[in-house]
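In the working numbering, the protein residues as written are 8 to 195.
Backbone N, C-alpha and C fix where the C-beta goes; we use that ideal spot for every residue, glycine too.
All figures in this text were calculated on a predicted structure; none of them were measured in a lab.
Worksheet: the structure to be examined is printed underneath.
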């Protein structure tokens, strides 16, 4: 990205259907947007996508909003979009995982407050949640979190507190460094 270009984080939500990624990507490319990073998922029939896009200096957030509004008006499903200017020049490169990244898995009985409890533990210990995925199967709730522990004073203290938290909540919790998790879970 040059000094004259700027980046926007764009969030898209719609009912899932064929062609929506194509339509959004085409609309952004018509504004000369360079898509740097994308996360896309479908949850219960709803499509969500968050993009980091670099634009030439003359393209404003409002211009992107107007373009996406045109897409919404011509779409067979409603498309909700938000556009946020990125003001921090120190944005991490796409796909780069911070050095102090760990994978936290939490498994327990499906119940209200499960996500709040695990997220509360993270917040109380200055653990930043970078990515989160959950699923429910046969009455068990499974969370997989990519977390950044760079704000923690002591990994040993986090592990000790995590053991107490697991006992108090009856969750099965495993914390592994991201590199170890990746090495033991990649399919060759």
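task: Could you check what DSSP says for residue 88 in three-state terms: helix, strand or coil?
output: Here residue 88 sits in strand by DSSP.
- prompt: beta strand (DSSP E) containing residue 54: first to last residue?
  reply: 53-62
field: Terminal residues of the alpha helix (DSSP H) in which residue 76 lies
entry: 68-80
- prompt: Roughly how many whole angstroms lie between the Cα atoms of residue 90 and residue 174?
  reply: 42 Å
- request: With a 10 Å radius around its C-beta and 16 neighbouring C-beta atoms as the bar for buried, classify residue 109 as buried or exposed.
  value: Buried is the label assigned to residue 109, since at least 16 other Cβ atoms lie within 10 Å of its Cβ.
message: Give me, in chain order, the residues of the same chain whose beta-carbon lies closer than 7 Å to that of residue 42; leave out the 5 immediate sequence neighbours on both sides.
response: Annotation for residue 42: 32, 35, 58, 60 place their beta carbon closer than 7 Å to its own, counting only its chain and skipping 5 residues before and after.
- prompt: Among the residues of its own chain, which have a CB less than 8 Å from the CB of residue 55, if the five just before and after it don't count?
  reply: 18, 19, 20, 47, 48, 49
- prompt: Rounded to a whole number of angstroms, what is the C-alpha to C-alpha distance between residue 178 and residue 165?
  reply: 16 Å
query: Hey, how far is the Cα of residue 81 from the Cα of residue 75?
result: 10 Å
- prompt: Less than 8 Å separating the beta-carbons of residue 135 and residue 149?
  reply: no
message: For the structure I just gave you, are there three or more beta carbon pairs, one from the segment 113-121 and one from the segment 137-151, closer than 8 Å?
response: yes
- request: Note down, in chain order, each residue of its chain lying with its Cβ closer than 8 Å to the Cβ of residue 196, except the 5 sequence neighbours on either side.
  value: Residue coverage of the chain in this structure runs from 8 to 195, which leaves residue 196 outside it and unanswerable.
- request: Could you check if residue 162 is buried or exposed, using at least 16 other CB atoms within 10 Å of its CB as the buried criterion?
  value: exposed
query: How about residue 16 and residue 38: are their beta carbons less than 8 Å apart?
result: no
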